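Report on the following structure.
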Amino acid sequence: MEAVVQPKSVYLEEFEGRTDTGPEWLDTLHERGIRAFEARGFPGAREEAWRKTNLRPVTAEHFPLADSQGAAPKELVERLGDLGDSYRLVFVDGRLAADLSDLADLAKGLTVTPFTEYDGNPPERLVAALGTRADIDWHPFAALNSAFFVDGAYIHVARGAMIEKPIAVTHIVTAEADRRAVYPRLVVEAEDGAEVRVVERFIGDDQAGALVCPVSELSAGQNTILDYSRLQEDGVATMNIGTVNLAAQRDASLRGAFVGDGGRLARLDLIADLEGEGGEIDCNGIYLTEGRQFTDFHTWFNHRVENCFSRQRFKGILQGRSETVFDGLVKVFEGAQKTDAVQENRNLVLGKRALAHSNPRLEIFADDVKCTHGSTVGELDEEALFYLRTRGISAEGAQGMLTLAFAGEIVDMFRVSGVRDHVRRVLMRRLGVEDADIGEIL
Amino acid sequence: MALLEIRNLHVNVEGAEILKGLDLTIEEGRVHAIMGPNGGGKSTLAKALVGDEAYEITEGEVLFKGQDLLEMDPEVRAREGVFLGFQYPVEIPGVSNTYFLKAAVNAMRKHRGEGEIDAMEFLELVKERAKRVKLDETLLQRPVNEGFSGGEKKRNEIFHMSVLEPQLGILDETDSGLDIDALRTVSEGVNAMRAEDRSFLVITHYQRLLDYIVPDVVHVLMDGRIVKTGGKELAKELESKGYEGFDEAAA
Numbered sequence: 270m271e272a273v274v275q276p277k278s279v280y281l282e283e284f285e286g287r288t289d290t291g292p293e294w295l296d297t298l299h300e301r302g303i304r305a306f307e308a309r310g311f312p313g314a315r316e317e318a319w320r321k322t323n324l325r326p327v328t329a330e331h332f333p334l335a336d337s338q339g340a341a342p343k344e345l346v347e348r349l350g351d352l353g354d355s356y357r358l359v360f361v362d363g364r365l366a367a368d369l370s371d372l373a374d375l376a377k378g379l380t381v382t383p384f385t386e387y388d389g390n391p392p393e394r395l396v397a398a399l400g401t402r403a404d405i406d407w408h409p410f411a412a413l414n415s416a417f418f419v420d421g422a423y424i425h426v427a428r429g430a431m432i433e434k435p436i437a438v439t440h441i442v443t444a445e446a447d448r449r450a451v452y453p454r455l456v457v458e459a460e461d462g463a464e465v466r467v468v469e470r471f472i473g474d475d476q477a478g479a480l481v482c483p484v485s486e487l488s489a490g491q492n493t494i495l496d497y498s499r500l501q502e503d504g505v506a507t508m509n510i511g512t513v514n515l516a517a518q519r520d521a522s523l524r525g526a527f528v529g530d531g532g533r534l535a536r537l538d539l540i541a542d543l544e545g546e547g548g549e550i551d552c553n554g555i556y557l558t559e560g561r562q563f564t565d566f567h568t569w570f571n572h573r574v575e576n577c578f579s580r581q582r583f584k585g586i587l588q589g590r591s592e593t594v595f596d597g598l599v600k601v602f603e604g605a606q607k608t609d610a611v612q613e614n615r616n617l618v619l620g621k622r623a624l625a626h627s628n629p630r631l632e633i634f635a636d637d638v639k640c641t642h643g644s645t646v647g648e649l650d651e652e653a654l655f656y657l658r659t660r661g662i663s664a665e666g667a668q669g670m671l672t673l674a675f676a677g678e679i680v681d682m683f684r685v686s687g688v689r690d691h692v693r694r695v696l697m698r699r700l701g702v703e704d705a706d707i708g709e710i711l
Numbered sequence: 018m019a020l021l022e023i024r025n026l027h028v029n030v031e032g033a034e035i036l037k038g039l040d041l042t043i044e045e046g047r048v049h050a051i052m053g054p055n056g057g058g059k060s061t062l063a064k065a066l067v068g069d070e071a072y073e074i075t076e077g078e079v080l081f082k083g084q085d086l087l088e089m090d091p092e093v094r095a096r097e098g099v100f101l102g103f104q105y106p107v108e109i110p111g112v113s114n115t116y117f118l119k120a121a122v123n124a125m126r127k128h129r130g131e132g133e134i135d136a137m138e139f140l141e142l143v144k145e146r147a148k149r150v151k152l153d154e155t156l157l158q159r160p161v162n163e164g165f166s167g168g169e170k171k172r173n174e175i176f177h178m179s180v181l182e183p184q185l186g187i188l189d190e191t192d193s194g195l196d197i198d199a200l201r202t203v204s205e206g207v208n209a210m211r212a213e214d215r216s217f218l219v220i221t222h223y224q225r226l227l228d229y230i231v232p233d234v235v236h237v238l239m240d241g242r243i244v245k246t247g248g249k250e251l252a253k254e255l256e257s258k259g260y261e262g263f264d265e266a267a268a
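Going line by line, the protein sequences match chains A and B.
Heads up: the first sequence runs through residues 270 to 711, numbered per the numbering used here.
Heads up: the second sequence runs through residues 18 to 268, numbered per the numbering used here.
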């Protein structure tokens, strides 16, 4: 065979030349990350899983690591209060912002720590957990993250600890990260019998044309309740491409609340693994796009053992000329009998030139299972709009009412009240119905 | 001044002319019934009066309290006091009956320059009116018409009307699908609203409803025109003779 000289990617060049590496104990993972990226490269145009995601704005240029921390403007800092009472860990341009964080009076059994705080001495369990879930050989952006991240958040809940107050991890991207890359990283471990609520949120400056590649790995031990909310609310110029891994052990209940309404290009690969009998993973999501936004939710739900339940309910509301993808997999492994899996994706297309793709996929290798899926793309019901108007509701109000009702079914499922209230406010604002006198529908 | 004055109304639906020059005047405080065979234009008249865009007005005019009704958006017609009880009430998933009515009541109050209704006052109003039409209270919290039986949907329409208190209530085949009990309840709901300044246009295929909601005037609508107008006895006559004899009258 002829030897081919492989040119180095700009990311490998950056890797070899970088001086800013974060704590030393991350070196091994960094190495693995860049090797995985170099071996895999960016997805080709024909890769089925990436076919609908236009990566040209990402691949056409090099986004070097944001190497300094910009100053978060006041209006972004103010938004930290949106979610109500919570423990707060804040990163700005991928680096800890201690002055914006508030980890005072952590409940017993709860650890919330930035990686950098561990300097030379990270807990073994963190080292063991970090990078075990994210599949860097498969996902090039998870690989890039693993090569370059310099900090991250570690949340650990001890066996049996019940943590009521949510933990909010916020990633702020400033204008100084324009044309730069930011690699947020989160590890959540809930030990057996624990209960915890974690919110991960992305916000940023509208001027920040940054590439944000987050990797989040969450694991729920036996008989735990782990509630995870992910609010992707980046600034309009930002691209956010990342992965979330959810893993549930025996009798664990893992709930996900997903919101996608920011960024010019956003893609999340959500990998859910049911690894212990009696486990359940229940994910509800809503995406709200306008202008020329592109938002893509790819889900990969793996029923690896018997007697598990999973549910995916995602709804899209598309305005303007935006485009969305929901591509959802339910895979039932051999022997995973009595699987109960539900998948639903509904899209409401409000913009005349908006485009929603919906692609449910089932791969079933067991014979005693219950798997249902539904997928719709539609517009507002004209008859319903007219009916509301004949009772005195304005056309604008009627449209808002029906749209909010459509979204409400998902938002009502969000268990963290601060998240629920926040998303309701976002919906009211985005749909422009704050002044339409339609009251408190949600 | 008449409450409603329709002059030479022509309406097309999907290119076909359904109303072909209809004239009708309703004075305040009166109950008019419109009867006629299917396809004669009864429902078209109802939908055209509340501004359904699928019904194209090609000629004629409609004055409501002296104002040009056809110029108004559907919601403005409602706020001015026109109500249609739908033949097929629409299901509104995710929007509770009470919430929806409150938004409607407040939209009307705003139109009249009044403030929002007090929450307690509204709740009492809704409960009292629901009782009047024997609407099961659990239906108040449910999404509008969703999962309602046929009879519950019709009751719900009358319930909406009794909360919104229009000046002109148009009831499009409200009796269809109702058993005698429901028919009586619905009629009582309407009769309780009869007032000097409020009129009704009751559209029905059968005379049965008119035993309970006794009309002041009965019209026969056939082939897009009113072919005969009379008192309540005209309904009885139609019941025994059928519509056949009126074809010639229309010709």
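A virtual CB, placed ideally from N, CA and C, is assigned to each residue, including glycine.
Quick caveat, the model's predicted, so the values are computed rather than measured.
What are the start and end residues of the alpha helix (DSSP H) that includes residue i?
i                   : result
arginine 693/A      : 686 to 699
serine 415/A        : 409 to 417
phenylalanine 675/A : 664 to 680
leucine 181/B       : 167 to 181
tyrosine 656/A      : 651 to 658
serine 257/B        : 250 to 258
I'd like the span of the beta strand (DSSP E) that includes residue i, first residue to last.
i                   : result
tyrosine 72/B       : 72 to 81
aspartate 565/A     : 563 to 572
phenylalanine 634/A : Where phenylalanine 634/A is concerned, there is no enclosing beta strand (DSSP E), given that its DSSP letter is neither H nor E.
isoleucine 51/B     : 48 to 52
tyrosine 387/A      : No beta strand (DSSP E) contains tyrosine 387/A, which DSSP labels as neither H nor E.
methionine 89/B     : No beta strand (DSSP E) contains methionine 89/B, which DSSP labels as neither H nor E.
Mind checking if residue i is an interface residue toward chain A, Cβ cutoff 7 Å exclusive?
i                : result
alanine 268/B    : Residue confidence is low: alanine 268/B scores 43 on pLDDT, short of 50, so the model does not pin down where it sits. Its coordinate-derived value is still stated next. Judged by the 7 Å Cβ criterion, alanine 268/B is not in contact with chain A.
leucine 101/B    : yes
proline 91/B     : yes
methionine 178/B : no
arginine 159/B   : no
alanine 95/B     : yes
valine 30/B      : no
valine 207/B     : no
valine 143/B     : no
glutamate 182/B  : no
valine 107/B     : yes
For chain B, find out if any of its Cβ atoms is closer than 7 Å to the Cβ of residue i; answer yes or no.
i                : result
threonine 672/A  : no
threonine 659/A  : yes
serine 644/A     : no
glutamate 652/A  : yes
isoleucine 757/A : This structure leaves residue 757/A out entirely; chain A is present only between 270 and 711.
tyrosine 656/A   : yes
glycine 647/A    : no
So, at 8 Å on beta carbons, what are the nonlocal neighbours of residue i in its own chain, with the 5 sequence-adjacent residues on each side left out?
i                   : result
phenylalanine 675/A : Lys584, Ile586, Arg615, Leu617
leucine 345/A       : Ile441, Thr443, Ile472, Gly473, Asp474
phenylalanine 284/A : His299, Ile303, Ala416, Phe417
Please work out which residues of its chain come closer than 6 Å, Cβ to Cβ, to residue i, disregarding the five sequence neighbours upstream and downstream, and give them in chain order.
i                   : result
tyrosine 497/A      : Val467, Leu487, Gly525
glycine 53/B        : Lys59, Val237, Leu238, Met239
phenylalanine 418/A : Tyr452, Arg454
valine 307/B        : Examination of residue 307/B is not possible in this model, given that chain B is present from 18 through 268 alone.
alanine 268/B       : Low per-residue confidence applies at alanine 268/B: pLDDT is 43, beneath 50, and the placement is therefore not dependable enough to give any value.
valine 207/B        : Ile230
glycine 353/A       : Gly687
glutamate 549/A     : Ser522, Phe578
Among the residues of its own chain, which have a CB less than 7 Å from the CB of residue i, if the five just before and after it don't count?
i                : result
methionine 270/A : For methionine 270/A, the predicted model reports a pLDDT of 48, less than 50, meaning its position is unreliable; a value from the coordinates is still stated below. None.
leucine 324/A    : Phe311, Pro312
arginine 242/B   : Lys37, Gly38, Leu39, Ala267
leucine 156/B    : Asn114, Phe165, Glu169, Asn173
alanine 147/B    : Glu154, Leu157, Phe176
Examine the ligand NAP and report whether any of its heavy atoms sits within less than 6 Å of the Cβ of residue i.
i             : result
alanine 479/A : In the structure on display, the ligand NAP does not appear, and there are no ligands present to speak of.
Pull out every residue of the region 58 to 89 of chain B whose Cβ sits closer than 7 Å to any Cβ of chain A, in chain order. Those would be Val67, Asp69, in chain order.
With contact counted as at least three CB pairs below 8 Å, one residue from each stretch, are the region 75 to 89 of chain B and the region 618 to 638 of chain A in contact? Per the Cβ contact rule, the region 75 to 89 of chain B is not in contact with the region 618 to 638 of chain A (fewer than 3 Cβ pairs under 8 Å).
Taking only beta carbons into account, state which residues of the region 518 to 533 of chain A come closer than 7 Å to chain B, listed in chain order. Answer set for the region 518 to 533 of chain A: empty.
For the pair the region 601 to 612 of chain A and the region 634 to 644 of chain A, tell me if three or more CB-CB distances fall below 8 Å. Yes, since at least three Cβ pairs between the region 601 to 612 of chain A and the region 634 to 644 of chain A fall closer than 8 Å, the two stretches touch.
Closer than 9 Å between beta carbons: that is the criterion. Which residues of the region 109 to 127 of chain B meet it against chain A? The residues in question are Ile109, Pro110, Gly111, Val112, Ser113, Tyr116, Phe117, Leu118, Lys119, Ala120, Ala121, Val122, Asn123, Ala124, Met125, Lys127.
Inter-stretch contact (C-beta, 8 Å, three-pair minimum) for the region 558 to 577 of chain A and the region 527 to 536 of chain A: The region 558 to 577 of chain A, when compared against the region 527 to 536 of chain A, does touch it at the 8 Å Cβ threshold.
Select from the region 672 to 687 of chain A all residues with a C-beta closer than 9 Å to any C-beta belonging to chain B, and list them in chain order. Leu673, Ala674, Phe675, Ala676, Gly677, Glu678
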